[in-house]
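Following: one structure in structure tokens, then a few remarks.
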Amino acid sequence: MNNDLDILLAPPPARRWTGARVTGALLLLLIAAFALLGPWLIGVDPARQTLSRFLEPPSLAHPLGLDHLGRSMLARLADASRLSLSMAALSVLSAAIPGTLLGLLAAWHGGWPERVLTAVADAVLALPGLLLVLLLAAFAPGHFWPLYVGISLALWVEYFRVVRAAASILLASPQVEASQLLGFGSLYVVRRHLLPELLPRLLTLMRFGYAGAVLAMAALGFIGVGLQPPTAELGVMMIELLPYYSEAPWLIASPMLILFFTLLGMLLLGGERKP
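In my numbering, the protein residues as written are 808 to 1082.
As structure tokens, this is what we get:
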């Protein structure tokens, strides 16, 4: 009897990282280090203009050259990376925490709380996420908060739906029933049974949500409805430098490569794990 209970209550086996996941983690660490430490190490004002040196090619003083207004591309790229990546992380956390808690609440209590929360989630899901961001951006064009609030409101539904569906099954499992029969409380059940099973799903959602948030901000900046110049942001930099792609292709390639390697790192980080 005791051995059976030990098996039921045992946590899932530990998993090792594969080469793809290590590569993805290293890519993201390098980009994060560039975004966080770059502005301090470079020590150049990203808004400083030198119009007489516009479209200057890369050199030792300016490894990525100067843009069409004579601004340091390396300094602006570091500033844009910090802005885009930090705002995406904040949006994902602001969606994941309430979405997970509301999903657990709905699965645990059921009844009218679950019906009300599901109806709200379905109503939000019926509205395209990008349209929601555009509606908020129309009230305060060029500001940070419409992007942050819009992306968070569009993302929390995914966490709610996944957590509610998975937690409903887990709460009816033999492991949870055994813990409840033994007198363990709700916090123990959540910590020992729900979180170990939900965390892999949540991390997957956060990876894709983070990549989607970075892409959404870049797309909104690229079409001119997100952040506005002279703010250093990846999408804004692309649309600013697009007219000069034939004269200075390295300029527009820089923000594109940061965006590409960020998304690649997120995808590699979600690679298969071997037991």
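Virtual Cβ for every residue (Gly too), placed ideally from N, Cα, C.
These figures come from a predicted structure and were not determined experimentally.
Three-way DSSP call (helix, strand, coil) for serine 959 in this model: helix
Count Cβ pairs between the region 973–989 and the region 937–957 that sit closer than 8 Å; are there 3 or more? no
Just reading off the alpha helix (DSSP H) that histidine 916 is part of, what are its end residues? 880–916
What residue range is occupied by the uninterrupted alpha helix (DSSP H) comprising glutamate 1054? No alpha helix (DSSP H) holds glutamate 1054; DSSP gives it neither H nor E.
Where tyrosine 955 falls, given that 16 or more other Cβ within 10 Å makes a residue buried: buried
If you draw a straight line from the alpha carbon of proline 819 to that of proline 981, how long is it in whole angstroms? Because the pLDDT of proline 819 is 44, which lies under 50, any placement of that residue in the model is unreliable, and the number read from its coordinates should be weighed accordingly. For proline 819 and proline 981, the distance between alpha carbons rounds to 15 Å.
Count the other CB atoms, across all protein chains shown, that sit within 10 Å of the CB of tryptophan 963; report buried if there are 16 or more and exposed otherwise. With 16 or more other Cβ atoms from the protein chains shown falling within 10 Å of its own Cβ, tryptophan 963 counts as buried.
Helix, strand or coil at leucine 871 [DSSP, three-state]: Three-state result, leucine 871: coil.
Let me know the secondary structure DSSP gives glutamine 856 once reduced to three states. coil
So is arginine 971 buried or exposed if we call it buried at 16+ other beta carbons inside 10 Å? buried
Which residues mark the beginning and the end of the alpha helix (DSSP H) in which threonine 830 is found? 826–849
Less than 8 Å between the beta carbons of glycine 1046 and serine 888, yes or no? The identity of residue 1046 in the sequence shown is isoleucine, whereas the question assumes glycine. Going by C-beta atoms, isoleucine 1046 is not nearer than 8 Å to serine 888.
Between the Cα of alanine 1018 and the Cα atoms of Ala896, Ala933 and Arg855, which residue gives the shortest distance? When only C-alpha atoms are compared, the closest one is Ala896.
So what's valine 1032 in DSSP terms, helix, strand or just coil? coil
Specify whether the region 897–905 and the region 864–872 touch according to this definition: at least 3 beta carbon pairs, one from each stretch, less than 8 Å apart. no
Are the beta-carbon atoms of histidine 875 and leucine 862 separated by less than 8 Å? yes
If you measure between the beta carbons of leucine 892 and valine 997, is that distance less than 8 Å? no
On the three-state DSSP scale, how would you describe serine 866? coil
Are there three or more Cβ pairs, one per stretch, closer than 8 Å when the region 965–979 is compared with the region 907–925? yes
Kindly indicate the opening and closing residues of the alpha helix (DSSP H) around leucine 943. 936–946
Cα-Cα separation, serine 1061 to leucine 884: 7 Å
Straight-line gap, proline 864 to methionine 880 (C-alpha atoms, nearest Å): Between proline 864 and methionine 880, the C-alpha separation is close to 10 Å.
Element boundaries [alpha helix (DSSP H), containing leucine 994]: Here the alpha helix (DSSP H) through leucine 994 covers 993–996.
How many angstroms separate the CA atom of threonine 1011 from the CA atom of glycine 1077? 7 Å
By DSSP, does serine 1061 sit in helix, in strand, or in coil? Here DSSP, grouped into helix, strand and coil, assigns serine 1061 to helix.
Is histidine 950 helix, strand or coil when you go by DSSP? coil
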